[in-house]
Amino acid sequence: MRSTADAIHIRCLTTLGEREIRGLSDVLIDCVEDGASVSFMLPMTRAKADAFWRSTAAGVARGERLVFVAEDADGTIIGTAQIILAQPENQPHRGDLAKMLVHRRARKRGIGAALLEAAERGARSAGKTLLVLDTASDDAERLYARQGWQRCGVIPDYALLPDGRPCATTYFYKDLGE
Ligand SMILES: CC(C)(COP(=O)(O)OP(=O)(O)OC[C@H]1O[C@@H](n2cnc3c(N)ncnc32)[C@H](O)[C@@H]1OP(=O)(O)O)[C@@H](O)C(=O)NCCC(=O)NCCS
Numbered sequence: 041m042r043s044t045a046d047a048i049h050i051r052c053l054t055t056l057g058e059r060e061i062r063g064l065s066d067v068l069i070d071c072v073e074d075g076a077s078v079s080f081m082l083p084m085t086r087a088k089a090d091a092f093w094r095s096t097a098a099g100v101a102r103g104e105r106l107v108f109v110a111e112d113a114d115g116t117i118i119g120t121a122q123i124i125l126a127q128p129e130n131q132p133h134r135g136d137l138a139k140m141l142v143h144r145r146a147r148k149r150g151i152g153a154a155l156l157e158a159a160e161r162g163a164r165s166a167g168k169t170l171l172v173l174d175t176a177s178d179d180a181e182r183l184y185a186r187q188g189w190q191r192c193g194v195i196p197d198y199a200l201l202p203d204g205r206p207c208a209t210t211y212f213y214k215d216l217g218e
């Protein structure tokens, strides 16, 4: 990790309180307004973002997800990533990496890489040996490839960008046992 990211604190949330939900919604809204294809369409309202994180909080409480946050020196959340632990009974060894988001003002400082490393460590500690993700972001593709993820292929017209245009998605996996 490079020096700027050393000032950033990464932690796995055991509960998501109002402060965390507000900070996570700030990051999600910023990313969607910037055009990230991460499940949401414009207009990206605070209500939609808060509802997503409240539902995520319930998943964390049930042990179905791990949520990681990157916080700056003031404790402001500037990035996040998740591991979805809950999978069908024939895939207990697999997890999904999801909602890897870094606020625009904090990008290109190694925070994405630090979140990814923390999420992989958390998944391994939870007994996962295989992670899967899909992404519609070139920036994210480079990050995953740098960190040893294998690119599987592209599905055209998989989803919509926030402004309604169709976009492809690229699938990746990482064998944590390697
Ligand atoms: C993808 C995303 C999470 C990456 O986050 P990030 O914090 O910018 O990631 P990093 O800083 O680790 O790496 C980004 C770039 O900064 C560079 N970098 C890292 N530390 C740096 C430093 N200290 N100084 C200069 N450059 C640095 C990296 O080498 C990388 O270079 P590249 O653009 O040539 O590949 C972010 O762009 C994002 O949130 N995008 C929108 C949401 C989205 O689409 N997420 C993906 C969902 S799957």
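At position 67 of the sequence shown the residue is numbered 107 (the working numbering), and the sequence of numbers has no breaks. For glycine and all other residues, C-beta sits at the position ideal for the given N, C-alpha and C. Here the structure is a predicted model, which means the values were calculated and not measured.
Where residue i and residue j are concerned, what is the direct C-alpha to C-alpha distance, given to the nearest angstrom?
| i | j | result |
| --- | --- | --- |
| Phe80 | Cys207 | 13 angstroms |
| Ser77 | Thr209 | 9 angstroms |
| Glu60 | Ser177 | 25 angstroms |
| Ile195 | Ala110 | 30 angstroms |
| Asn130 | Gly115 | 39 angstroms |
| Phe92 | Gly217 | 32 angstroms |
| Pro132 | Gly162 | 15 angstroms |
| Tyr198 | Arg147 | 26 angstroms |
| Leu125 | Arg105 | 5 angstroms |
| Ala97 | Ala180 | 24 angstroms |
| Phe108 | Asp203 | 28 angstroms |
| Lys214 | Arg191 | 9 angstroms |
| Ile222 | Leu64 | Outside the shown range of the chain, which is 41 to 218, sits residue 222, and nothing can be said about it. |
| His49 | Ala113 | 8 angstroms |
| Ser95 | Arg186 | 31 angstroms |
| Gly103 | Lys168 | 14 angstroms |
| Ser43 | Gln127 | In this predicted model, Ser43 has a pLDDT of only 45, less than 50, meaning its place in the structure is not dependable; the value taken from the coordinates is given anyway. Cα-Cα distance, rounded: 36 angstroms. |
| Leu56 | Phe212 | 28 angstroms |
What is the C-beta distance between residue i and residue j, in whole angstroms, given that I count them as a contact (C-beta under 8 angstroms)?
| i | j | result |
| --- | --- | --- |
| Arg86 | Ile69 | 7 angstroms |
| Gly152 | Gly193 | About 22 angstroms; that fails the 8 angstroms criterion. |
| Leu220 | Asp136 | With the chain covering 41 to 218 only, the question about residue 220 has no answer from this structure. |
| Cys71 | Leu141 | 5 angstroms |
I'd like to confirm the pairing. Which residues does DSSP put opposite residue i in its beta bridges?
| i | result |
| --- | --- |
| Val78 | Bridge partners of Val78: none, in fact. |
| His49 | Glu111 |
| Asp174 | Tyr211 |
| Pro206 | Leu200 |
| Gly193 | Tyr211 |
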